[in-house]
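Following: one structure in structure tokens, then a few remarks.
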Amino acid sequence: MTTLIESEEHKALRSAVAALGKRYGRDYLTRTVAEGRPLTELWSDAGGLGYLGVNLPEAYGGGGGGISELSIVLEELGAAGSPLLMLVVSPAICGTVIARFGTEDQKREWLPGLADGTRLMAFGITEPDAGSNSHRITTTARRDGTDWLLTGRKVFISGVDMADAVLIVGRTEDARTGRLKPCLFIVPTDSEGFRKRPIDMELNAAEKQFELVLDDVRLPASALVGEAEDAGLLQLFAGLNPERIMTAAFAIGMGRYALAKAIEYARDRTVWKAPIGAHQAIAHPLAQAHIDLELARLMMQKAAHLYDSGDDVGAGEAANMAKYAAGEACVRAVDQAVHTLGGNGLTREYGLASLITAARVARIAPVSREMILNYVSHQTLGLPKSY
Ligand SMILES: Cc1cc2nc3c(=O)[nH]c(=O)nc-3n(C[C@H](O)[C@H](O)[C@H](O)COP(=O)(O)OP(=O)(O)OC[C@H]3O[C@@H](n4cnc5c(N)ncnc54)[C@H](O)[C@@H]3O)c2cc1C
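So, in structure tokens, the structure goes:
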């Protein structure tokens, strides 16, 4: 029942983060993006208040909560118009993987900084020739004495310019079978042989996406996450579920922001006798968008609850469904919000049109709508695969 009715603690966290979000809001994001810089002030204020590391263990400077709490933080900042996309990556994926599987040294080195926001870690799995099929990734680490040499290419990696390191998903050769198996490496962004190139995205966001070229990047043995090379897959799944849940939070926050703008407009704007919000053709789709966002949040809360209680398998299915539902609800809410404003929906002054592209991120990343439908078709419904 805890997932259906929000606890007093969660409500309090929600309203405290909403108050912080309100202090910044959409104008801050728009201004900062125009200046071409990251949302540093909001990031460090949120870090100082303990919101960025709310999911990380207390022993390493975190809040001792889980993804349930971190998703509230992202949703509320998004609903205020200034989402911190790097929350999906730095504390949620990287922080979770290091907290669960890192060595003691890695935990001490990284978690306090990730928790208070003074350090940031990006996450790189996507490759140009693999895309949605991450079984095909070819970034490979080979041993050189006790060191590793990492070579490969990644695309669409968010926030590399802001990050101290990137958690790179690569592969190493299994000494017994000769087969390549997934492994995660902490790669400092100032490593020799590490090159980044910004990708020109049509997105009004402070976080940029990069193509990475890793050319024999030399890494010490301690860069491999965890003690054992065999734990790569487990580590990966530990990070991917929080990523999906957090993307759902990102989408729900954005959908709520757009919907609130549309409702405000529809209450006032009068072109006949009554405000346009009195016409059901305008009111009903907004009501539907609200219902869809609420339903998506319920599934997100279920996924977060399962994940935080240690049920990785149950969380996998729920996290996929939550990401799907939230991505679709967000795209529809933004579309309807833009439409509600008529011509003003497309002006820069009202700032909604740029959300049309931003909302699509939640449909594509980190796993596309179709790949989630594939997952549910095969894993949940037991239907055969076409690929
Ligand atoms: C803004 C943004 C930020 C990102 N940040 C990061 C990041 O920080 N780190 C990172 O590693 N990655 C990141 N990504 C990458 C993202 O995860 C990928 O774009 C996503 O996984 C899809 O891969 P792709 O773009 O190669 O599309 P493709 O895999 O080429 O897919 C193209 C289309 O084909 C469809 N398709 C593919 N296979 C099938 C199939 N079997 N059945 C049906 N349809 C199929 C897909 O659904 C999609 O519609 C980011 C992407 C964006 C847009």
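Numbering of the sequence shown is given in this note's numbering, commencing with residue 30 and proceeding in unit increments. Note that CB positions come from ideal geometry on N, CA and C, so glycine has one too. Only a predicted model underlies this, so the values are computations on that prediction, with no experimental measurement involved.
Quick check on residue i: buried or exposed, where buried means 16 or more other Cβ atoms within 10 Å of its Cβ?
i: A418; result: Lying before the first or after the last residue shown, residue 418 is absent from the chain, which here runs from 30 to 416.
i: R296; result: exposed
i: T369; result: buried
i: L375; result: exposed
i: E64; result: exposed
i: E37; result: exposed
i: P67; result: buried
i: T201; result: buried
i: T299; result: exposed
i: V189; result: buried
i: S97; result: buried
i: K302; result: exposed
Quick one, are the C-beta atoms of residue i and residue j less than 8 angstroms apart?
i: V124; j: G282; result: Correcting the residue identity first, residue 124 is Gly in this sequence and not Val. Against a cut-off of 8 angstroms, the Cβ pair of G282 and G124 comes out as no contact.
i: V254; j: L178; result: no
i: G110; j: Y286; result: yes
i: P217; j: A194; result: yes
i: A252; j: T175; result: no
i: T168; j: G207; result: no
i: F214; j: A151; result: no
i: I401; j: Y353; result: yes
i: Y336; j: A344; result: yes
i: K183; j: G153; result: yes
i: L288; j: A192; result: no
i: L149; j: S119; result: yes
i: L42; j: I101; result: yes
i: G380; j: R60; result: no
i: Q135; j: S187; result: no
i: L262; j: A291; result: no
Within its chain, find whatever has a CB closer than 7 angstroms to the CB of residue i; leave out the 5 residues flanking it on each side and keep chain order.
i: E272; result: V117, A121, I122 and P395
i: G90; result: G82, L140, P141, A144 and D145
i: G94; result: V83 and N84
i: S419; result: Nothing about residue 419 can be read from this structure; the chain reaches only from 30 to 416.
i: V126; result: L196, L213, V254, Q264, A267 and G268
i: S383; result: N233
i: H319; result: L288
i: A355; result: A277, A280, I281, A325, M329 and A391
Going along the chain, which residues of its own chain have a beta-carbon closer than 8 angstroms to the beta-carbon of residue i, five neighbours each way excluded?
i: A257; result: none
i: L103; result: P112, L113, L116, V117, M275, A278, F279 and G282
i: T409; result: E346
i: A47; result: E105, A108 and A109
i: L78; result: A45 and L49
i: L209; result: T169, R200, T201, E202 and D203
Taking 6 angstroms as the limit between beta carbons, can you name the residues of its chain near residue i, skipping five residues before and five after?
i: R224; result: V242
i: Y53; result: L71 and S111
i: T386; result: E231 and L232
i: T69; result: none
i: G284; result: L322, A358, C359 and A362
i: M30; result: At M30, the pLDDT of 49 sits below 50, so the modelled position is not reliable and the matter cannot be decided from this model.
i: K414; result: H407
i: E399; result: none
i: A75; result: L81
i: Y404; result: N349
task: May I ask you to verify whether the stretch 249-267 touches the stretch 130-140, counting CB pairs closer than 8 angstroms and requiring at least 3?
output: Cβ pair count under 8 angstroms is three or more, so yes.
- prompt: Counting Cβ pairs closer than 8 angstroms, one from the stretch 157-164 and one from the stretch 215-234, do we hit at least three?
  reply: They do not touch, by the three-pair rule.
query: Should the stretch 357-365 be regarded as contacting the stretch 330-346, the criterion being three or more beta carbon pairs within less than 8 angstroms?
result: no
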